[in-house]
Amino acid sequence: MRLTLLLFALLYCTCVPAQRVLLFEQLTNSKSDRVYEGEALRFRMKGDDFWQEGYIREMRPDIQALVINDRYILLDEIDAVFRGHTIASRLGLGLMTFGAGWSFFAALGYATDKIDETNYSVDDALVTAVSVGTGFLLVKVLGRRKFRPGKYKRLRVVDLNF
4 MRLTLLLFAL LYCTCVPAQR VLLFEQLTNS KSDRVYEGEA LRFRMKGDDF WQEGYIREMR
64 PDIQALVIND RYILLDEIDA VFRGHTIASR LGLGLMTFGA GWSFFAALGY ATDKIDETNY
124 SVDDALVTAV SVGTGFLLVK VLGRRKFRPG KYKRLRVVDL NF
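So for the sequence shown, our numbering puts the first residue at 4; every next one is plus one.
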């Protein structure tokens, strides 16, 4: 009984389909990020100024290529891969929202308090300008995580057949 159960478990584990994986490798990091077939990938080709996005239909480890949007994309032709937003992006959007809210509620308060001596001051405009400007800079400078293949980083398609 034990032998049959062991044989069944061994045969069940060896007949699983092979996986192909896109690895984001760094020289100083032993753990690589992975992307599988069927996942969305946002990337920029060398020489292009725009980002392309599509689902990975197939990975070809023999020629190191991906099939995205019914065309072959060689990994050597990829300039950058978008890996998501950072915490700085969320902080920047929060700062911009805070600045807009500060200005809106200050203007609304001064308009509805029925006191002629109070008005929208330079301090309110300064708080709005500093928070919106800082938030905008955070989003533009530190807002995106990009993977750029180069001397110490590379993209590789690996077939996990064994």
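Backbone N, C-alpha and C define an ideal beta-carbon position, used for all residues, glycine too.
Range of the contiguous beta strand (DSSP E) that encloses Lys143: Per DSSP, Lys143 belongs to no beta strand (DSSP E); it is in the alpha helix (DSSP H), 125 to 145.
Residue span of the alpha helix (DSSP H) that contains Gly112, given as start and end: 90 to 115
Among Val144, Arg151, Gly57, nearest to Val84 - alpha-carbon criterion: If we check each option's Cα against that of Val84, Arg151 comes out closest.
Stretch pair the stretch 90 to 101 + the stretch 63 to 81: three plus CB contacts closer than 8 Å: no
Gly104 versus Val135, Val24, Asp116, residue with shortest Cα-Cα distance: Val135
Limits of the unbroken beta strand (DSSP E) element including Asp162: Looking at the DSSP string, the run of the beta strand (DSSP E) that includes Asp162 is 156 to 162.
Assigned exposure category for Phe46 - 16 Cβ within 10 Å defines buried: buried
Residues near Tyr113 in its chain [Cβ-Cβ closer than 7 Å; skip 5 each side]: Thr121, Asn122, Tyr123
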